[in-house]
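Working notes, beginning with the structure itself.
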Amino acid sequence: FGDLHAYVGANQRPIDGMIRLLEENFNPQAAEGGYSLELRDGVGGAKLSHSHATQYKFVLQSLSLWREVVHNMFHLYILAERDLLSKDSPYRLMNTGQGMNRVQSAPRIGRAMHDILSRVQARVGSWVGLSVVHLGDRDVPNALVFIDKYTQIARILDPIVRTVEALPGLAEDPRTARVMKRLGGPDHIRKVILCDFFKHGFDGSGSDGGSCIDGRLTSAWNWCSRLEKKQYHSIFMLAGFQGFDGDFRK
1 FGDLHAYVGA
11 NQRPIDGMIR
21 LLEENFNPQA
31 AEGGYSLELR
41 DGVGGAKLSH
51 SHATQYKFVL
61 QSLSLWREVV
71 HNMFHLYILA
81 ERDLLSKDSP
91 YRLMNTGQGM
101 NRVQSAPRIG
111 RAMHDILSRV
121 QARVGSWVGL
131 SVVHLGDRDV
141 PNALVFIDKY
151 TQIARILDPI
161 VRTVEALPGL
171 AEDPRTARVM
181 KRLGGPDHIR
191 KVILCDFFKH
201 GFDGSGSDGG
211 SCIDGRLTSA
221 WNWCSRLEKK
231 QYHSIFMLAG
241 FQGFDGDFRK
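The sequence shown begins at 1 in full-length UniProt numbering and counts up by one.
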């Protein structure tokens with residue numbers, strides 16, 4: 001149980017932090033101060049069209065779903081192993097567009113994910129986007145790929161949360177204060193980073209993106225791949241960012 005609590009605590013913390021930042025910095029009904037979450041299909045690479053209020057709900061629901069998945073990850077690991085070793089579900093080797101993959105149905109993971117999704121939907125109310133869970137197809141070939149995708153959530157969110165939390169300190173540090181002032185100060189930078197992530201980290205972009213359950217995570221990874229081109233990338237570096245697969249150091 002110690003490993004379970006340690007894993008869940010470490011991986012839920014960034015999700016809880018991101019939910020807190022969403023709720024503290026954005027009005028769920030309308031944009032404030034020019035920081036709108038509105039999306040238009042084709043603008044900025046977005047593949048979805050959402051009003052500010054709809055996008056707020058879409059992001060909050062996605063984060064809530066990820067939190068529930070992480071909370072149940074040990075159980076999902078067990079089910080994934082059973083699906084992978086099942087004699088009732090043989091695999092076939094095929095090119096999924098991302099190289100050769102072992103494509104195999106994952107009925108146990110599928111049932112568990114639908115249970116998780118149902119609980120989240122009951123808690124958050126009306127659902128925005130699709131409820132399709134890709135498993136055993138070219139998007140998510142097998143149970144192991146499913147597990148691997150959802151274990152990346154903390155790697156995506158933790159650097160963003162840490163960077164935002166570091167902004168006040170960077171503004172006070174004489175070595176970085178000038179850069180912070182030039183970019184508009186900590187409050188403005190915080191809103192710009194969060195607004196961009198909550199829009200384009202959940203805009204349906206990326207290969208096989210969209211509003212389905214798997215597509216939400218694809219969009220977030222796609223945002224990560226474009227971070228170096230963002231005007232605030234230097235702020236991430238000043239905060240100790242080393243990469244979404246690397247260390248995060250002071």
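Virtual Cβ for every residue (Gly too), placed ideally from N, Cα, C.
Among 154, 99, 191 and 107, which has the Cα closest to the Cα of residue 85?
-> Taking the sequence shown and counting its residues from 1, one reaches residue 85 at position 85. Of 154, 99, 191 and 107, the residue nearest in Cα terms is 107.
Pick helix, strand or coil for residue 250, following the three-state DSSP scheme.
-> In the sequence shown, the residue the question calls residue 250 occupies position 250. Note that residue 250 scores 47 on pLDDT, short of 50, meaning its location in the model is unreliable and no value can be drawn from it.
Delimiting residues of the beta strand (DSSP E) encompassing residue 92 | By 1-based counting over the sequence shown, the position of residue 92 is 92. Annotation for residue 92: the continuous beta strand (DSSP E) segment containing it runs 92 to 95.
Touching by the beta-carbon criterion (3+ pairs, under 8 Å), the segment 170 to 177 and the segment 26 to 41 = no
Could you check if residue 98 is buried or exposed, using at least 16 other CB atoms within 10 Å of its CB as the buried criterion?
-> Looking up residue 98 in the sequence shown gives position 98. Label assigned to residue 98: exposed.
Closest by C-alpha distance to residue 190, when choosing among 78, 71, 173 and 169 | As a first step, residue 190 is located in the sequence shown; it is residue number 190 there, counting from the start. Out of 78, 71, 173 and 169, 169 has the C-alpha closest to the C-alpha of residue 190.
Assigned secondary structure, residue 241 (DSSP; H/G/I helix, E/B strand, else coil) = Residue mapping note: residue 241 aligns to position 241 of the sequence shown, counting from 1. Strand.
Whether residue 116 touches residue 69 by CB criterion (9 Å) = The residue given as residue 116 occupies position 116 in the sequence shown. The residue given as residue 69 occupies position 69 in the sequence shown. Yes. Within cutoff.
Have a look at residue 25 and residue 166 and give me their C-alpha separation to the nearest angstrom.
-> Translated into the one-based positions of the sequence shown, residue 25 becomes position 25. Translated into the one-based positions of the sequence shown, residue 166 becomes position 166. Their backbone Cα atoms lie some 16 Å apart in a straight line.
Minimum length 4: unbroken alpha helix (DSSP H) runs contained in the segment 130 to 174 | 143 to 150 and 153 to 172
Go ahead and pull the three-state DSSP assignment for residue 37.
-> What you label residue 37 is simply residue 37 of the sequence shown in a count that begins at 1. Coil, per DSSP.
At what residues does the alpha helix (DSSP H) containing residue 216 begin and finish?
-> Translated into positions along the sequence shown, residue 216 becomes position 216. That run of the alpha helix (DSSP H) goes 213 to 225.
Local Cβ density within 10 Å of residue 33, reported as buried at 16 or more and exposed below that = What you label residue 33 is simply residue 33 of the sequence shown in a count that begins at 1. Classification for residue 33: exposed.
In three-state terms, what does DSSP make of residue 27?
-> Against the sequence shown, residue 27 aligns to sequence position 27. DSSP, reduced to helix, strand and coil, places residue 27 outside both helices and strands of the structure shown, so it counts as coil.
Residue 72 in three-state terms, based on DSSP = Counted from its first residue, the sequence shown places residue 72 at position 72. Coil at residue 72, not helix or strand.
If you run the structure through DSSP and keep just helix, strand and coil, what is residue 103?
-> Start at 1 with the first residue of the sequence shown, and residue 103 comes out as number 103. Looking at residue 103 - three-state DSSP - the assignment turns out to be strand.
Closer than 6 Å by C-beta to residue 151: which residues in its own chain qualify, once you throw out the five before and the five after it? Chain order, please.
-> As a first step, residue 151 is located in the sequence shown; it is residue number 151 there, counting from the start. Within the same chain, residue 151 has no close Cβ partners at all.
Under 8 Å by Cβ, that's how I've got residue 64 and residue 120 pegged, so tell me the actual separation to the nearest angstrom.
-> Position 64 of the sequence shown holds residue 64. Position 120 of the sequence shown holds residue 120. About 5 Å; that satisfies the 8 Å criterion.
Please go through the same chain and pick out, in chain order, the residues whose beta-carbon is closer than 8 Å to the beta-carbon of residue 67, but skip the five residues on each side of it.
-> Sequence index remark: in the sequence shown, residue 67 carries index 67 (1-based). Taken in chain order, the residues that qualify are 12, 15, 16 and 19.
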